[in-house]
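Below: one structure, written as structure tokens.
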Amino acid sequence: MSIPTKFFCKESEKAHTFQKNKTFTFKEDSTAYCRNIDTMPNLNVHIYVDADSCPVQEEIIDVCMQYDLHPYFIATVNHYSREKAEAGWMFVDDGSQSVDLYILNQVGEGDVVITQDLSLAVLLTSKGVYVLTPRGKLVRENDADNIMNQKFIRQQTMKQRKKWKGPSAFTANDREKFRSVFQKLLSEHEGF
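Heads up: the sequence shown is residues 1 to 192, going by the UniProt record's numbering.
Here it is as structure tokens:
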């Protein structure tokens, strides 16, 4: 991935520049991320990614770079790597809902969240958040009843020790659909 020549450091709220073939040293406690600060669109919009099992991380980065946005990848500490930490990933405790709770507490109206967790999606849409699945489905607030009914049926089926067919394998078509829907969402989003 190519790195822009301007950085915006989240911790210091200052812009930093560097030249090609020069190294940029990250402080252990700082979070820096790439954004072209000359053309920042709407700083009040954030892209949050439930990154523990997200299959479209590269697509998210590519699309966000087109709009000079920084996606916030949130994962449990089980997924920690130095490379991810230097890229600005946020790591939370490894509890079963830690990532969901972090995202739920951070988002605001108009933000975008990418997650496979449809229960989290239901909570977020009621807050005016745009929710997109890695398969390119834009979750709407009126989908809540259907999502929760499906979850209830799945739980009842599992209690009876019956097999529940999971989702089909993730394909290149799913990847392209995600990219297309994500680009469309950002291009239609207020302020872009």
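Think of the CB as a built atom: it goes at the ideal place given N, C-alpha and C, for glycine as much as any other residue. On a predicted model such as this, the values are computed, not experimentally measured, just so you know.
- For F170, the secondary structure class from DSSP, reduced to helix, strand or coil, is coil.
- Contact holds between the segment 97-114 and the segment 123-141, because three or more Cβ pairs, one in each stretch, are under 8 angstroms apart.
- Ranked by how close their Cα comes to the Cα of S187, the residues L69, D93 and K127 have L69 in first place.
- Taking the C-beta atoms as reference points, S126 is found no nearer than 8 angstroms to E109.
- In summary, Y67 is buried, with 16 or more beta-carbon neighbours lying within 10 Å of its beta-carbon over all protein chains present.
- Within 10 angstroms of the beta-carbon of A172 lie fewer than 16 other beta-carbons, which makes it exposed.
- In the structure shown, T76 falls within a strand segment according to DSSP collapsed to helix, strand and coil.
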